[in-house]
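Once you know that position 137 of the sequence shown is 137 in full-length UniProt numbering, the rest is easy, because the numbers rise by one and skip nothing.
Every residue, glycine too, gets a C-beta built ideally from N, C-alpha and C.
This report concerns only the one structure given below.
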Amino acid sequence: MSVVAIPTRRHPGVRPPRPRTGPTLTITLDLVPGPLSPRLARLVQLLGELAESGEGQLRTVGDVAPGPRPAPSLAVGEPSADADQVHILAGSRIVRRGDRVVALTRIEYELLLFLAERPRRVFTRLQLLSSVWGYEHAVARTVDVHVRRLRAKLAGSEVVTTVYGVGYRLADEARISVDHSR
1 MSVVAIPTRR HPGVRPPRPR TGPTLTITLD LVPGPLSPRL ARLVQLLGEL AESGEGQLRT
61 VGDVAPGPRP APSLAVGEPS ADADQVHILA GSRIVRRGDR VVALTRIEYE LLLFLAERPR
121 RVFTRLQLLS SVWGYEHAVA RTVDVHVRRL RAKLAGSEVV TTVYGVGYRL ADEARISVDH
181 SR
């Protein structure tokens, strides 16, 4: 069993309806041995991202190690995965490289999906900040950091190409597929 405690955020000018002893939200997951369902894998991934960002704390109780576990294997009848092929399962927000699940943060996933859905188009850092992050007031080098992390996690398969002096685009040789149904 894993226990995750995440402090709630206080918004200026908004008072909680009743006094609290501490600003925490506790989520308890009873995890059985074996692979997680896609939705539960996504929940565990999001909780891990909150803990990594410093917005929460991840604690383990019992024998289960915290963090994402492998997602369910490919269903019977699906084509065998090539080691360099990247599959984005948009419905469950899972990214696979070959048979391996690649754990991405929310922004890394959104960046990869955005570029994969728009092949052969070059985007400036400000365009990516606006489209993926949803705002333009961040430092444009933020995009560089996320692209570098995405490349590291997808090591061995060229996915994002730098267009010097302009920005980024999906690589021509990128072997990537997007499945919106799963």
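query	result
Which residues DSSP lists as bridging arginine 100, in chain order	Arg97
Segments of 4+ residues assigned as alpha helix (DSSP H) that fall wholly inside the stretch 100-135	106-116 and 125-128
For residue 244, the first and last residue of its enclosing alpha helix (DSSP H)	No statement about residue 244 is possible, as the shown extent of the chain runs from 1 to 182 and does not include it.
Bounding residues of the beta strand (DSSP E) (the contiguous stretch that carries glycine 165)	From DSSP, glycine 165 is part of no beta strand (DSSP E); its letter is neither H nor E.
Extent of the continuous beta strand (DSSP E) to which serine 181 belongs	Careful: serine 181 lies outside any beta strand (DSSP E) and carries neither H nor E.
Opposing strand residues paired with residue 190 [DSSP bridges]	This structure does not reach residue 190, given that the chain is present from 1 up to 182, and the question cannot be answered.
C-alpha distance - isoleucine 176 paired with arginine 100, whole-angstrom precision	14 Å
CB-CB length for valine 122 against valine 160, believed under 8 Å	Not confirmed; about 11 Å, so no contact.
Backbone secondary structure at valine 159 - three-state DSSP	coil
Euclidean distance between Cα positions of glycine 98 and arginine 39	21 Å
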